[in-house]
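Notes to accompany the following structure.
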Amino acid sequence: MLLSTVLAFDLGASSGRALIGKLMQAEDGQRELKVEEIHRFPNHAIGVGGHLHWDILRLLHEMKKAIRKAFQEGHRPETFGIDTWGVDFGLIDANGELLGNPYHYRDPQTEGLIEEVIGMVGKEALFQQGGLQFMPFNTIYQLYAMRKAASPKLDAASSLLLTPDLLVYFLTGRKVCEFTMATTTQLYHPEQQAWNTELMDRLGIPSGIFLDPIHPGTRIGSLTPEVCEELDVPPIEAVAVATHDTESAVAAVPAGEGAFAYLVCGTWSLLGTELDQPLVTAEAMAHDFSNEGGAFGKYQLLKNIMGLWILQECKREWDESGNVISFAELVDLASQAIPFRSLINPDDARFFGPSDMVEKVRSFCAETWQPVPETEAEIARCIMESLALKYRHALEKMEQLTGNAYAGMHMVGGGIQNRLLCRLTAGALGRPVWAGPVEASAIGNMLMQLVAQGHCSSLAEARELSAASFPVETYLPDEAEADVWNEAYEAYKQLL
Ligand code: ADP
Ligand code: LRH
């Protein structure tokens with residue numbers, strides 16, 4: 001029996017997708033979420049006037065296409081939810097119009113601003129009040145950059161909408177601020193559970209543009225009559241899901257009771273664990289961990305690791321030079337390459353910006369007196385092994401911070417289609433990796449819609465449904481390789 005149909009939009013830095021979920025109940029009461037992708041579209045940074053932007057209206061266009069398509073294919077979603085990457089936003093003027101194209105978080109405007117803001121506020125105070133790893137793209141530095149540039153947009157703004165909220169606004173006309181995205185700004189005070197207006201005043205960021213956060217699972221409102229007419233669809237309702245894609249993904253991790261470690265593996269690698277309260281200690285700051293708000297008021301103690309972005313950019317370079325190569329082919333090639341030939345520190349600042357990624361990998365190896373990778377296979381292998389070792393490093397630090405020992409690690413997201421990376425990760429950790437589901441963010445998005453609809457009432461229930469609906473593949477470390485991995489890990493730590 002069909003209990004409900006939902007529509008999830010999951011927008012990542014490399015692609016956006018729309019998926020239909022159907023909550024089914026068998027005669028014995030067993031429930032299952034069946035998921036079908038109905039639309040997928042690329043997403044890119046677009047450079048203009050020295051800035052990098054998102055093509056937000058193109059993304060909206062693709063989302064509208066997906067809504068129309070859902071109904072044309074006979075689906076009848078009751079609600080929809082949107083999750084996207086963190087930190088970015090649009091500014092809305094007094095007439096309700098978008099002021100300019102939202103900046104892409106890799107825009108260079110925030111260069112050097114972490115140091116400047118730390119100089120004004122103090123590092124400990126910033127971490128204590130914002131709970132986040134110091135990353136140049138955090139909303140705080142983007143807004144401070146606009147202030148420094150005397151951006152007229154900032155003065156004209158009457159509200160700030162984080163990307164998923166902005167897209168919800170375009171479709172429903174309702175302005176909201178969803179909690180999990182709010183906690184990626186470094187302007188939200190997790191311990192006080194309120195916007196940090198004092199900090200905003202200090203940096204010249206107008207505090208009046210921030211709306212009071214609402215929590216995942218809240219119903220927002222229906223598609224506007226204009227959108228319904230344009231698409232010839234009924235007024236389905238938007239639900240505030242855990243709109244930060246990482247938090248949606250974590251909601252879908254098929255973990256049982258007790259503490260667990262996870263890695264959300266896409267453009268970024270987010271390695272973390274779920275806590276009831278933020279952990280804003282000096283050690284958490286020293287090890288560069290974040291505290292991001294999650295579904296059901298949880299906090300994610302996690303580390304942003306540069307992730308598959310590095311491989312993505314190398315692939316883009318090869319593709320653009322006419323040497324078109326798929327991720328699957330790259331994985332195949334890397335499996336045949338000589339192991340542990342050269343390693344990078346994926347979090348080296350040079351890898352953050354787009355372009356010249358192959359050269360950046362090579363220059364890192366040359367500067368650290370390692371063999372310089374030449375071929376696609378060597379470069380891909382170097383990136384994957386380095387990521388796997390970075391995961392071990394982050395997991396060990398996390399264990400120090402929480403005092404928990406993790407028996408293994410859940411991996412979710414598009415990156416788990418890279419089976420070599422999963423295998424290397426199990427090897428590097430010397431522990432099992434449980435991989436799945438791939439579309440964790442979209443699934444977590446659906447789960448919070450089901451919470452809003454009353455079909456699920458807790459995270460545990462949501463995760464049980466995820467576990468019952470999607471396969472998980474286990475990768476076990478090979479005992480015979482333990483010594484080689486330990487040796488590689490020692491070499492890797494020298495690079496940090
Ligand atoms: P995001 O949501 O951040 O856009 P995804 O979760 O979709 O990212 O993951 C994208 C990454 O997954 C790519 O950078 C690529 O490394 C990896 N990937 C995607 N498809 C495959 C595949 N068929 N084989 C191996 N890796 C893949
Ligand atoms: C991953 C992600 C991550 C953020 C980054 C900007 O998609 O949301 O959690 O830090 O994008």
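Counted from 1, the sequence shown has number 403 at position 403 by UniProt numbering; the numbering is strictly sequential. Glycine included, C-beta positions come from ideal geometry on N, C-alpha and C. All values derive from a computational prediction rather than experimental measurement.
Practice problem: Would you mind working out which of 453, 491, 493 sits nearest residue 23, comparing C-alpha positions? | Solution: 453
Quiz item: Shortest alpha-carbon distance to residue 445 belongs to which of 309, 428, 239, 37?
Solution: With respect to the C-alpha of residue 445, the residue from 309, 428, 239, 37 having the closest C-alpha is 239.
Exercise. Please report the Cβ distance between residue 242 and residue 251, rounded to the nearest whole angstrom; I am assuming they are in contact, meaning their Cβ atoms lie under 8 Å.
Key: That belief holds up - the Cβ atoms of residue 242 and residue 251 are roughly 5 Å apart, short of 8 Å.
Exercise. Give the DSSP-derived three-state secondary structure of residue 141 in the structure shown.
Key: helix
Quiz item: Looking at C-beta atoms only, is the number of pairs between the region 207–227 and the region 152–164 that lie closer than 8 Å three or more?
Solution: yes
Quiz item: Helix or strand or just coil, what does DSSP make of residue 127?
Solution: helix
Practice problem: Would you be able to state if there are at least three C-beta pairs under 8 Å between the region 127–141 and the region 63–74? | Solution: no
Exercise. Could you check what DSSP says for residue 227 in three-state terms: helix, strand or coil?
Key: helix
Self-check item: Terminal residues of the beta strand (DSSP E) in which residue 298 lies
Solution: Careful: residue 298 lies outside any beta strand (DSSP E) and carries neither H nor E.
Quiz item: For the alpha helix (DSSP H) that contains residue 203, what are its first and last residues?
Solution: 197–203
Practice problem: Give the DSSP bridge partners of residue 51, in chain order. | Solution: Answer by DSSP bridge pairing, in chain order: 48.
Exercise. Compute the minimum distance between the beta carbon of residue 267 and the heavy atoms of ligand 1, and state whether it is under 6 Å.
Key: Yes, the Cβ of residue 267 comes within 6 Å of a heavy atom of ligand 1.
Quiz item: What separation, rounded to the nearest whole angstrom, lies between the Cα atoms of residue 19 and residue 226?
Solution: Straight-line Cα distance between these residues: approximately 23 Å.
Quiz item: With distances taken between CB atoms, is the gap from residue 124 to residue 469 smaller than 7 Å?
Solution: no
Exercise. Give me the Cα-Cα distance between residue 48 and residue 447, rounded to the nearest whole angstrom.
Key: 38 Å
Self-check item: Three-way DSSP call (helix, strand, coil) for residue 70 in this model
Solution: Here residue 70 sits in helix by DSSP.
Quiz item: Can residue 245 be considered in contact with ligand 3, in the sense that its beta carbon sits closer than 6 Å to one or more heavy atoms?
Solution: With respect to ligand 3, the structure shown offers nothing to examine, as its ligands consist of ligand 1 and ligand 2.
Quiz item: Enumerated in chain order, which unbroken segments of the alpha helix (DSSP H) with a length of 4 residues or greater are wholly contained in the region 346–401?
Solution: 357–367
Quiz item: Do you know how far the Cα of residue 90 is from the Cα of residue 100?
Solution: 8 Å
Quiz item: First and last residue of the beta strand (DSSP E) that includes residue 34?
Solution: 31–42
Quiz prompt | residue 427 versus residue 443: straight-line alpha-carbon distance, rounded | solution = 28 Å
Quiz item: Taking all protein chains shown into account, do 16 or more other C-beta atoms lie within 10 angstroms of the C-beta of residue 504, making it buried, or fewer, making it exposed?
Solution: Since the displayed the chain opens at 1 and closes at 496, residue 504 lies outside it and no answer follows.
Exercise. With DSSP collapsed to three states, give me the class of residue 326.
Key: coil
Exercise. Name the residue from 280, 359, 129, 136 whose alpha carbon lies nearest to the alpha carbon of residue 86.
Key: 136
Quiz item: Tell me the DSSP bridge mates of residue 22?
Solution: 5, 34
Practice problem: Compute the beta-carbon to beta-carbon distance between residue 343 and residue 302, rounded to the nearest angstrom, for a pair I have assumed lies under 8 Å. | Solution: With 8 Å as the limit, residue 343 and residue 302 do not qualify as a contact, their Cβ atoms being about 23 Å apart.
Quiz item: Do residue 166 and residue 145 have their C-beta atoms within less than 7 Å of each other?
Solution: no
Exercise. Please determine, among 287, 319, 484, the residue with the shortest C-alpha to C-alpha distance to residue 304.
Key: 287
Quiz item: Out of curiosity, what's the CA-to-CA distance linking residue 311 and residue 224?
Solution: Approximately 40 Å, taken between the alpha carbons.
Quiz prompt | Cβ pair residue 265, residue 408 closer than 7 Å | solution = no
Quiz item: How should residue 294 be labelled, buried or exposed, when 16 other C-beta atoms within 10 angstroms of its C-beta is the threshold for buried?
Solution: buried
Exercise. Label residue 61 either buried or exposed according to how many other C-beta atoms from any shown protein chain fall within 10 Å of its C-beta, with 16 as the threshold for buried.
Key: exposed
Quiz item: Between the region 423–438 and the region 470–490, do at least 3 Cβ pairs fall closer than 8 Å?
Solution: Yes, the region 423–438 is in contact with the region 470–490.
Practice problem: Report buried or exposed for residue 149, applying the criterion of at least 16 other Cβ atoms within 10 angstroms of its Cβ. | Solution: exposed
Practice problem: Hey, could you find the ends of the beta strand (DSSP E) residue 467 is sitting in? | Solution: No beta strand (DSSP E) holds residue 467; the alpha helix (DSSP H) holding it covers 459–469.
Practice problem: Alpha carbon to alpha carbon, how far is residue 387 from residue 399? Give it in angstroms, no decimals. | Solution: 18 Å
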